[in-house]
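Peer 1:
In my numbering, the protein residues as written are 162 to 619.
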């Protein structure tokens with residue numbers, strides 16, 4: 162009795178016990194067997210990990226199968242490349258010289274894939290070098306050794322970046338991409354071309370071209386800290402550089418960032434230059450310049466979240482100045498619907514106001530016409546409510562009149578009754594106004610219970 166003559170459930174169960182290589186071959190024997198092998202193929206291809214030598218070896222084999230049978234590329238949904246050249250330390254990484262053993266057919270398939278991804282001439286040569294060689298000092302550990310240190314991760318990075326570029330170009334249904342900084346640190350004997358950086362840059366530049374075909378459904382990017390950040394709980398991160406690299410991808414909408422502090426006080430993003438609609442930055446320590454820079458760079462920002470980590474750095478660049486942050490938020494007044502800022506113990510200055518702001522408009526919370534969900538610390542809430550040119554007087558004022566007109570939910574972070582008499586008075590009046598059935602009715606959270614943002618570990 163032939164295998165394809167068994168009931169589909171039995172064939173699927175048999176396929177689940179087979180090595181992936183055998184499943185791929187079996188799936189191409191007949192339509193019946195292919196249908197039975199789909200669950201196994203989806204599990205194997207759904208998430209591609211490129212974070213160690215072992216990951217890259219496995220990923221390279223999956224890439225070869227995908228090039229032999231292009232339909233397999235439709236199962237890839239997520240790619241994670243947690244390797245980088247840099248980190249806390251710099252390493253002298255030798256140029257790879259160990260040539261990989263490939264059949265003529267696989268060689269032609271790889272070269273064709275590189276050309277379809279948009280690499281030509283010198284770029285093609287560099288890409289082929291990274292794909293066709295094995296990282297130095299790793300040729301004898303092709304399938305068993307896993308990189309666990311910064312130096313070992315740095316050695317595998319050129320190969321991982323090359324694999325990521327080809328995977329992206331052959332995965333039409335790719336939804337998310339997580340990557341460590343794509344950059345080079347000093348102290349090396351050779352300087353490779355950034356093959357992944359070039360691919361992403363070309364995809365942004367020629368959004369309708371062949372090299373962007375794997376980015377049609379890429380909605381979410383996640384920026385990963387590089388290496389071990391042993392000297393701080395945060396990883397120094399070239400945030401503006403990475404955002405500039407992926408912010409103009411044709412379909413991108415969401416950016417996740419965690420556990421970082423900014424390194425780039427000089428790098429400035431052009432206003433309205435990125436496609437991000439949602440930005441979530443958590444457990445991090447970023448200052449007013451970085452946050453304002455990121456917010457202003459978005460064309461139509463709809464959701465923005467930021468939560469402080471548990472450790473305040475001594476760098477002045479990590480201070481939050483309320484006037485600059487509010488000014489940046491007001492640049493997105495017509496589109497920003499969700500805002501959550503849980504600063505916790507981060508150093509915040511809510512005394513200085515933007516005296517350079519002119520005009521009758523106070524540029525405060527009431528100007529955020531699209532806002533429906535708002536979460537702030539109490540001092541920042543009162544500062545934003547008074548606006549850029551508002552008074553610094555701590556006297557009483559009506560908070561409800563200064564809130565966004567479309568507000569549906571207001572969350573107060575870090576508040577406890579009795580910690581500040583003025584705050585208690587303002588919030589009690591706000592609660593009474595809502596209960597009295599005022600036209601502006603919304604949910605109020607964080608007054609009767611102590612709340613922090615779920616991603617804030619302070």
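All C-beta atoms in this analysis are idealised placements derived from N, C-alpha and C, irrespective of residue type, glycine included.
Would you check if the region 272–280 and the region 201–220 touch, i.e. whether three or more CB-CB distances between them fall below 8 Å?
Peer 2: No, they do not touch.
Peer 1: Do the region 262–273 and the region 232–247 make contact, defined as three or more Cβ pairs closer than 8 Å?
Peer 2: Counting Cβ pairs under 8 Å, fewer than three are found: no touch.
Peer 1: Label residue 563 either buried or exposed according to how many other C-beta atoms from any shown protein chain fall within 10 Å of its C-beta, with 16 as the threshold for buried.
Peer 2: That one is buried.
Peer 1: Looking only at its own chain, which residues have a Cβ that is under 8 Å from the Cβ of residue 530, when we skip the five neighbours before and after it?
Peer 2: Only 494, 495, 565, 566 and 567 meet the Cβ criterion.
Peer 1: In chain order, which beta strand (DSSP E) runs of at least 3 residues are fully inside the region 412–468?
Peer 2: You should have 415–419, 421–423 and 439–445.
Peer 1: Label residue 593 either buried or exposed according to how many other C-beta atoms from any shown protein chain fall within 10 Å of its C-beta, with 16 as the threshold for buried.
Peer 2: Counting Cβ neighbours within 10 Å, residue 593 comes out exposed, since fewer than 16 surround it.
Peer 1: Among the residues of its own chain, which have a CB less than 6 Å from the CB of residue 203, if the five just before and after it don't count?
Peer 2: Correct list, in chain order: 236.
Peer 1: By alpha-carbon positions, which one of 526, 507 and 316 ends up nearest to residue 622?
Peer 2: Past the boundaries of the shown model lies residue 622; the chain is included only from 162 to 619, so the question cannot be answered.
Peer 1: Which word fits residue 322, buried or exposed, when buried means at least 16 other C-beta atoms lie within 10 angstroms of its C-beta?
Peer 2: When all chains shown are included, residue 322 counts as buried.
Peer 1: With a cut-off of 8 Å, do at least 3 Cβ pairs link the region 375–389 to the region 328–344?
Peer 2: Enough Cβ pairs lie closer than 8 Å, so yes.
Peer 1: How big is the Cα-Cα spacing for residue 459 and residue 415?
Peer 2: Cα to Cα, the separation comes out at about 11 Å.
Peer 1: Could you give the first and the last residue of the continuous beta strand (DSSP E) run that contains residue 239?
Peer 2: Taken as a continuous stretch (DSSP letters only), the beta strand (DSSP E) holding residue 239 covers 239–242.
Peer 1: Please confirm whether residue 329 and residue 406 have their CB atoms less than 8 Å apart.
Peer 2: Going by C-beta atoms, residue 329 is not nearer than 8 Å to residue 406.
Peer 1: So, at 6 Å on beta carbons, what are the nonlocal neighbours of residue 538 in its own chain, with the 5 sequence-adjacent residues on each side left out?
Peer 2: The answer, listed in chain order, is 504, 574 and 575.
Peer 1: Helix, strand or coil: how does DSSP classify residue 269 here?
Peer 2: Of the three classes helix, strand and coil, the one that applies to residue 269 here is helix, per DSSP.
Peer 1: Just reading off the beta strand (DSSP E) that residue 408 is part of, what are its end residues?
Peer 2: Careful: residue 408 lies outside any beta strand (DSSP E) and carries neither H nor E.
Peer 1: Label residue 611 either buried or exposed according to how many other C-beta atoms from any shown protein chain fall within 10 Å of its C-beta, with 16 as the threshold for buried.
Peer 2: Flag for residue 611 reads exposed.
Peer 1: Could you give the distance in angstroms between the alpha-carbon of residue 572 and the alpha-carbon of residue 608?
Peer 2: About 8 Å.
Peer 1: Within 10 Å of its beta-carbon, does residue 438 have 16 or more other beta-carbons around it, so buried, or fewer, so exposed?
Peer 2: Result: buried.
Peer 1: Does residue 380 come out as helix, strand or coil in the three-state DSSP assignment?
Peer 2: If DSSP states are grouped into helix, strand and coil, residue 380 belongs with coil.
Peer 1: Ignore the nearest five residues each way along the sequence and tell me which others in residue 498's own chain have a CB closer than 8 Å to its CB.
Peer 2: Result list for residue 498: 463, 464, 531, 532, 533 and 534, in chain order.
Peer 1: Just to confirm, are residue 525 and residue 486 a CB contact at a threshold of 8 Å?
Peer 2: Not in contact: residue 525 and residue 486 (Cβ atoms no closer than 8 Å).
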